[in-house]
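The block underneath contains the structure these notes are about, expressed in structure tokens.
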Amino acid sequence: MKYNPIFEPVKINPGQFVMVWIPGSDEIPMSVSHISKNSKISISVADVGETTHLMHQLKIGDQIGIRGPYGNWFTAQNGTSIVIGGGIGMASVLSIAQNLSNLKNNPEKIKIDKIICINGAKTKSELYFNQELQKILKSNDSLEICTDDGSFGFKGFTTEKLKEILNNEKSNVITVYACGPEKMLKTVFQICEDHNKIPVQLSLERMMRCGFGICGLCALEPTGLLVCQDGPIFTNEILREITDFGKIHRDFSGKTYNI
Ligand SMILES: Cc1cc2nc3c(=O)[nH]c(=O)nc-3n(C[C@H](O)[C@H](O)[C@H](O)COP(=O)(O)OP(=O)(O)OC[C@H]3O[C@@H](n4cnc5c(N)ncnc54)[C@H](O)[C@@H]3O)c2cc1C
Ligand code: FES
30 MKYNPIFEPV KINPGQFVMV WIPGSDEIPM SVSHISKNSK ISISVADVGE
80 TTHLMHQLKI GDQIGIRGPY GNWFTAQNGT SIVIGGGIGM ASVLSIAQNL
130 SNLKNNPEKI KIDKIICING AKTKSELYFN QELQKILKSN DSLEICTDDG
180 SFGFKGFTTE KLKEILNNEK SNVITVYACG PEKMLKTVFQ ICEDHNKIPV
230 QLSLERMMRC GFGICGLCAL EPTGLLVCQD GPIFTNEILR EITDFGKIHR
280 DFSGKTYNI
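At position 179 of the sequence shown the residue is numbered 208 (the numbering used here), and the sequence of numbers has no breaks.
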């Protein structure tokens, strides 16, 4: 995985993404994982297929194309913040965790009481950003680490940890920010709905081609909303309407598969 500042962008917000073109391969969506004080951004790439593998081979001086930023962004809310990342999904929520921490230290309009991060992966080697999170979190904040196989931290899913946290949480002003596999997001959503409809901001990662509302590949049934243009971050009201949420995966041809 690479974690290096790559270019000076226009104004960009936590949760937005860019389309990255690798000459000779493909153009793929990547979340902005870090926004520095002088507005340099970073992306963080998990090596999962052809294009991401080529990205891991890049050397300083190689040329790539980047367009964006695209999509909406996380918005910080008062109270207790629970930030959940599943696997490389942590890349998308890392910058809102940083943003919440900055706001907590310099409260103006938004008052953040506490930040709880849940970082989960299948196994220890797929856990990203623990060191970065430890630097971001302060005083009464906490970091919970989960692995499906128990190779590090709590043995179990992030969603089990979320349930445990919510059952013990005294505050009733809570917002949950999350990104990860869609099945995980669906369970996060159901848990939050069952806990007095806790507000969520969930970043969906559907297959994308154009990234700005032309090809229709990232459409959410039956709303017709597009993840690239109307998302990637969706809140409770819209998530309640999406019938294929957590159920399907679409390939580049548009064909759907059950997940
Ligand atoms: C809004 C958004 C933000 C993302 N942010 C990041 C990020 O910060 N870091 C990161 O490593 N990955 C991120 N992804 C996922 C990343 O785009 C895919 O992993 C990548 O496109 C895979 O390309 P590939 O050619 O290497 O793999 P392929 O050989 O094409 O496929 C490998 C696997 O990745 C899945 N995949 C392929 N293309 C996509 C796609 N466009 N969207 C989702 N899954 C896909 C395939 O179904 C397959 O399981 C993001 C996806 C979206 C939609
Ligand atoms: S990726 Fe083309 S419409 Fe969303």
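Using N, Cα and C, we set each Cβ at its ideal position, and we do this for glycine too.
field: Touching by the beta-carbon criterion (3+ pairs, under 8 Å), the stretch 184-195 and the stretch 236-243
entry: no
Please determine whether the Cβ atom of GLN45 lies at a distance below 8 Å from any heavy atom of ligand 2.
To locate residue 45, count along the sequence shown from 1; it is residue 16. The answer is no for GLN45.
*Report the partner residues of GLY90 according to the DSSP bridge assignment.*
In the sequence shown, the residue the question calls residue 90 occupies position 61. According to DSSP, GLY90 bridges with nothing at all.
Exercise. Can you grab the Cα-Cα spacing for the pair VAL202 / GLY245, in whole Å?
Key: As a first step, residue 202 is located in the sequence shown; it is residue number 173 there, counting from the start. As a first step, residue 245 is located in the sequence shown; it is residue number 216 there, counting from the start. Their Cα atoms are separated by approximately 36 Å.
Is any heavy atom in ligand 2 found nearer than 8 Å to the beta carbon of VAL49? The residue you call residue 49 lines up with position 20 of the sequence shown. No.
* To do: Would you list the one or two residues that DSSP bridges to TRP50?
  => For the purposes of this step, residue 50 is taken as residue 21 along the sequence shown, with counting starting at 1. For TRP50, which the question treats as bridged, DSSP gives the partners GLU56, GLY94.
Discussion item. With DSSP as the reference, identify every bridge partner of THR109, one or two as the case may be.
Written reply: Translated into positions along the sequence shown, residue 109 becomes position 80. Per DSSP, LYS143, ILE203.
Please state the DSSP three-state secondary structure of ILE271. Taking the sequence shown and counting its residues from 1, one reaches residue 271 at position 242. It is coil, neither helix nor strand.
task: Name the one or two DSSP bridge partners that GLU292 has.
output: Given a span of 30 to 288 for the chain in the structure shown, any question on residue 292 remains unanswerable.
Margin query: Threshold first: 3 residues or longer. Then list the beta strand (DSSP E) segments lying entirely within the stretch 215-257, N to C.
Written below: 229-232
Report the residue from VAL74, VAL77, SER60, TYR286 whose alpha carbon sits nearest the alpha carbon of ALA207.
What you label residue 207 is simply residue 178 of the sequence shown in a count that begins at 1. When each option's Cα is compared against that of ALA207, the closest is SER60.
Measure from the alpha carbon of GLU222 to the alpha carbon of each residue in LEU191, LYS199, LEU249, GLU250, then state which is nearest.
Here residue 222 corresponds to residue number 193 of the sequence shown, with the count starting at 1. A check of alpha carbon separations from GLU222 across LEU191, LYS199, LEU249, GLU250 identifies LEU191 as the nearest.
Inset, instruction - Measuring alpha carbon to alpha carbon, tell me which of GLU173, ILE51, GLY100, ILE194 ends up nearest GLN258. - result: Position 229 of the sequence shown, counted from the first residue, corresponds to residue 258. Out of GLU173, ILE51, GLY100, ILE194, GLY100 has the C-alpha closest to the C-alpha of GLN258.
Where the beta strand (DSSP E) containing ILE72 begins and where it ends:
Looking up residue 72 in the sequence shown gives position 43. Unbroken run through ILE72: none, as it is neither H nor E.
Buried or exposed: where does ILE89 fall if 16 or more other Cβ atoms within 10 Å of its Cβ makes it buried?
-> Mapped onto the sequence shown, residue 89 falls at position 60. By the neighbour-count rule (16 or more Cβ atoms within 10 Å), ILE89 is not buried but exposed.
- CB of MET237 to nearest heavy atom of ligand 1: below 8 Å? For the purposes of this step, residue 237 is taken as the residue at position 208 of the sequence shown. True, at least one ligand heavy atom lies under 8 Å from that Cβ.
How many whole angstroms separate the CB atoms of PHE158 and LEU123, which I take to be in contact at a CB cut-off of 8 Å?
For this step, residue 158 is matched to residue 129 along the sequence shown. For this step, residue 123 is matched to residue 94 along the sequence shown. Contact between PHE158 and LEU123 is confirmed by a C-beta separation of about 6 Å, below the 8 Å threshold.
Check your understanding: Is it a yes or a no for the stretch 148-164 touching the stretch 104-119, going by three-plus beta-carbon pairs under 8 Å?
Key -> yes
I'd like the span of the alpha helix (DSSP H) that includes ASN196, first residue to last. Along the sequence shown, read from residue 1 onward, the residue named residue 196 stands at position 167. Run containing ASN196: 187-197, per the alpha helix (DSSP H) assignment.
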